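J.: Protein chains in written order, with the numbering used here: chain F, 6 to 133; chain B, 11 to 389; chain G, -2 to 490. Glycine included, C-beta positions come from ideal geometry on N, C-alpha and C. Only a predicted model underlies this, so the values are computations on that prediction, with no experimental measurement involved. So that we are looking at the same thing, I have put the structure below in structure tokens.
Below is the structure:
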């Protein structure tokens, strides 16, 4: 399992890449593995306002539905619409082609509460 | 982990990297690699399922036939020795206590395959009814039997080298007792996937040996272990109900599209018949329907079904069909909404998503065609 | 020195008492460290042997050679066809030998706890279930060490069931075609024997049975197919008649090879039957050594089974000893377990379909012999046969040749003689059972030998009467042996 160092991670298994006040959000390699084959991803509309830890959509595998949580408060500025036809990119490429939404952060300091790659790896190990 | 019971293959599943989940008190493999891949393997080559959680019971004695005929809805007099019958046990209200397979060993001996979660209550129910009959013995033999299912087009060629039984002569819904890889097993041409295949009842302690021989011999036939996740998707593609999800003890056979295993006119009647007569006279209010999503979304159990803004029912099973690549589901809708092509909406997390009623099954059945026509209904 | 080889590789050996040399021995043991005790000091005078002259003293290779040479004079199913009717000399599959030698099975002690012995208990229990399934009965004991002991055990259970009912019955009905062990077992159980004359077709005469079946008859003992190789088609009516008058039906399972997967004793109305594992289930006969004659019974007779009985409870096996109505024990524990393992291996390697095919092959083989020999030997009874066929020496008698001569002449032609002078109701009977093991080529060789004997009987009867000439010992003088028996070796005085 891979957890890139340049990302930060939430307890609900989302990752965030912060660049110039915009957070790109997806789910981690661990989360996609747990879900299994992802067959459907539902994402918010561009322009939607998301509170901290609000659900922003769902990822569904053949068997299960999982809510997606937004770890930072802000406005949705872009969604990965290629997931509509190719949700399997979340499985094959969770940190790159499998990204989900971009949020213009209201308070970038909220990132400070998130975990580093090292801490997240430890967190998974403990919760297993 | 929990106190969940383990099948005889627990160790093998873990070694194979299966994701284990608790299912009705049993620790079962839900998937080994990917549900989508596993479905494909079953439809294209062959898959091996551990379904040792299923319950088995034996009913024997001079009046075993009369007892089973009276407590099940299908007509047991149509079943020959060596035949298997899909049937229902109903309560006095005509509702389904369980769906089961009856294997006829002889007129006074039957082997039953029961849903795992119902096994104990089923056996108690049968034993209670048996009090009315002299000389009938009912035994829960679930702990003696492991159960494997091998499903897919390669099932027959794969099993062939392991048994002397002439598999090409074994019809759909028929069984033999045979030696398979040096183990005495009951082998039936049955399954829950819509593919040709076999279900194998073997001694609990010998299940591991049968399993590993099958996986070994099956390698060149593309045989892979398949989890319950794929099993659930495969059965839904065929429109097969899952007890506890699509049917339960509040639902009658007419509602559940299972009228074909209810023989109202069979001699001596059966438990639940009066209630079914009454329901027919008063009109059945709801019916299990199949549908396909035309809008974006996957139906799930519990979602409401709407038609032109009015709620008409509820989804009981739904999935993204790995075989046809579209989202499908089943659920109960008010009577009169079963016509192919009827527009409906599914309430998915507060959003109305378009769907359309479809005829079942969603995927064409590939089970072995029987040589005798009278068994054609056993689908 | 005596010659040890008469004809090249065919070796001979004398009595072991004439071999070896004084002071030679086949062992060398270290001192035990325990002081020697003079027998004179501890035993009464009369118990001490004064002389030991003539007791053989041999080296290990001498002993081995003596017995190996003798074994080479013998005939076995491993050397050629062994068509001994009713004894069912099948090939002993080597897989049975392999599995019966598995460490875990061999190393187990019968006094180990049930917990330690689960595998073996399960194996015996499974085998018992399969046997019950095969013969259509409900319960089983694997204890008896052979068919005859099985008969004894079965009749004891009948007796116990009658006792429990408060009835005393005094006799057993036996067809005149029955095996000799049947009257012996009946007598051992304290029953008188009444012979049931067979009908002209060689089967049970139902009118005769009706006449003889009275309230004193404990059981009818039948063999099906009977020893003439004929299926007793009236068995269901016969069983009903016996049951209606309070008796039991015992079936001698010696000829079960004809029925596997085709017909079941239980369905015929049989209450108790023994099965010869060393016949039908291809375990070695073992020269009177360990055999197995499990007995299967109906529910009604189950309480009387010998102890211990293996009981399965939710996948756990235990030996049940406390069974108040049991007739007791016939053998320690579960009988000859090594034989049971071989039988289980045979059943599992054949499978139900394979067992059926074995029966089909056995029946076809017997009918093939019957058809090819019908012009050369008189056939005892006319119906088509099951797994064995019975000829007589009627056609050969006019040349002074008898069944015994034919049997001896077969030895010269490389075959073991068939069963002869049995069944008793066929005068000069020659009962041939080829079993499923034999190939068409072997059957043809055997038939050709039989035809050659029939031809030679016409042209040169003396050569048949003097046979065998090719065996290590020629024709034995059975009359002299009977009149002047020498039953002890010279050493014993």
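(1) Among the candidates G/120, G/413, G/97, whose CA atom is the shortest distance from the CA of residue 81 of chain G?
(2) Please state the DSSP three-state secondary structure of residue 389 of chain B.
(3) Which residues in chain B have a C-beta closer than 7 Å to the C-beta of residue 42 of chain F? List them in chain order.
(4) Determine the direct distance from the alpha carbon of residue 32 of chain G to that of residue 42 of chain G, and round the result to whole angstroms.
(5) In terms of residue numbering, what span does the beta strand (DSSP E) encompassing residue 260 of chain G cover?
(6) Per DSSP, which residues does residue 253 of chain B bridge with? Please list them.
(7) Would residue 297 of chain G and residue 158 of chain G qualify as a contact pair, given that the criterion is a beta-carbon distance under 8 Å?
(8) Within 8 Å of any Cβ in chain F, is that where the Cβ of residue 308 of chain B sits?
(9) Just tell me which of F/83, F/47, F/68, F/69 has its CA closest to the CA of residue 5 of chain F.
(10) Please classify residue 384 of chain B as buried or exposed, where buried requires at least 16 neighbouring CB atoms within 10 angstroms.
(11) I want to verify the contact list: residues of chain G whose CB lies under 9 Å from the CB of residue 154 of chain B, in sequence order.
(12) Please classify residue 19 of chain G: is it buried, with 16 or more other beta-carbons within 10 angstroms of its beta-carbon, or exposed?
(13) Evaluate the contact criterion for the region 215 to 222 of chain B versus the region 156 to 176 of chain B: three or more CB pairs, one atom per stretch, below 8 Å.
(14) Rounded to whole angstroms, how far is the Cβ of residue 326 of chain B from the Cβ of residue 303 of chain B, which I believe are closer than 8 Å?
(15) Can you give the Cα-Cα distance for residue 469 of chain G and residue 8 of chain G, rounded to whole angstroms?
(16) Could you work out which residues of chain C lie near residue 67 of chain F, taking near to mean beta carbons separated by less than 7 Å?
(17) Could you give the DSSP three-state label for residue 7 of chain G: helix, strand or coil?
(18) Just to confirm my understanding: we take residue 366 of chain B, look at its own chain, exclude 5 residues before and 5 after, and list those with CB closer than 8 Å. What are they?
(19) Throw me the rounded Cβ distance for the residue 275 of chain G and residue 121 of chain G pair, which I believe falls under 8 Å.
(20) Just list the residues that DSSP pairs residue 107 of chain F with in beta bridges.
(21) Pull up the DSSP beta-bridge partners for residue 341 of chain B, would you.
(22) Can you have a look at residue 466 of chain G and say buried or exposed, based on whether 16 or more other CB atoms are within 10 angstroms of its CB?
(23) Is the CB of residue 45 of chain F under 8 Å away from at least one CB in chain B?
(24) For residue 197 of chain G, does the three-state DSSP call read helix, strand or coil?
(25) For residue 462 of chain G, report the span of its alpha helix (DSSP H) as first-last.
(26) Check the DSSP bridge columns for residue 188 of chain B and list the partner residues they point to.
(27) Inspect the beta-carbon positions of residue 333 of chain G and residue 145 of chain G and report whether they are closer than 8 Å.
(28) With a threshold of 16 other CB atoms inside 10 Å of the CB of residue 206 of chain B, please say whether the residue is buried or exposed.
(29) I want to verify the contact list: residues of chain B whose CB lies under 7 Å from the CB of residue 95 of chain F, in sequence order.
(30) Does any C-beta atom of chain G lie closer than 8 Å to the C-beta of residue 187 of chain B?
(31) Considering only the beta carbon of each residue, do residue 170 of chain G and residue 387 of chain G sit closer than 8 Å?
(32) Decide if the region 253 to 265 of chain B is in contact with the region 67 to 75 of chain B; the criterion is three or more beta carbon pairs, one per stretch, under 8 Å apart.
(33) Using a Cβ-Cβ cutoff of 8 Å, what residues of the region 343 to 369 of chain G are near chain B? List them in chain order.
(34) Which partner residues does residue 150 of chain B have in the DSSP bridge list?
(35) Quick one: using the 10 Å Cβ neighbour count with 16 as the cut-off for buried, is residue 200 of chain G buried or exposed?
(36) Taking contact to mean 3 or more Cβ pairs, one atom from each stretch, closer than 8 Å, check whether the region 108 to 125 of chain F and the region 86 to 99 of chain F are in contact.
T.: Well, looking at it:
(1) G/413
(2) Note on residue 389 of chain B: pLDDT 33, under 50, position unreliable in the model; the coordinate value appears next. Residue 389 of chain B falls in the coil class under three-state DSSP.
(3) 44, 45, 46
(4) 21 Å
(5) Careful: residue 260 of chain G lies outside any beta strand (DSSP E) and carries neither H nor E.
(6) B/257
(7) yes
(8) Cβ-Cβ to chain F under 8 Å: yes for residue 308 of chain B.
(9) Not covered by the structure: residue 5 of chain F. The range shown for chain F is 6 to 133.
(10) Any reading at residue 384 of chain B must be qualified, since the residue scores a pLDDT of 39, below 50, and its modelled position is unreliable; the value itself is stated next. Exposed: under 16 other Cβ atoms inside 10 Å.
(11) Residues of chain G whose Cβ lies closer than 9 Å to the Cβ of residue 154 of chain B are, in chain order, 309, 311, 312.
(12) exposed
(13) Contact annotation: the region 215 to 222 of chain B touches the region 156 to 176 of chain B, with at least three C-beta pairs closer than 8 Å.
(14) No, residue 326 of chain B and residue 303 of chain B are not in contact; Cβ-Cβ is about 15 Å, not under 8 Å.
(15) 9 Å
(16) In the structure shown, chain C cannot be found, because the protein chains are F, B and G.
(17) strand
(18) 301, 302, 304, 351, 352, 353, 354
(19) With a contact defined as Cβ atoms closer than 8 Å, residue 275 of chain G and residue 121 of chain G miss out at about 17 Å.
(20) F/29, F/83
(21) B/299, B/325
(22) exposed
(23) By this cut-off, residue 45 of chain F is an interface position.
(24) Coil, per DSSP.
(25) 458 to 462
(26) B/195
(27) Against a cut-off of 8 Å, the Cβ pair of residue 145 of chain G and residue 333 of chain G comes out as no contact.
(28) buried
(29) Here the premise fails: no neighbours, minimum Cβ distance about 13 Å.
(30) yes
(31) Against a cut-off of 8 Å, the Cβ pair of residue 387 of chain G and residue 170 of chain G comes out as no contact.
(32) no
(33) For the region 343 to 369 of chain G, the set of residues with a beta-carbon nearer than 8 Å to any beta-carbon of chain B comprises 344, 345, 346, 347, 348, 349, 350, 351, 354, in chain order.
(34) B/67
(35) buried
(36) Fewer than three Cβ pairs drawn from the region 108 to 125 of chain F and the region 86 to 99 of chain F lie within less than 8 Å of each other, which leaves the two stretches out of contact.
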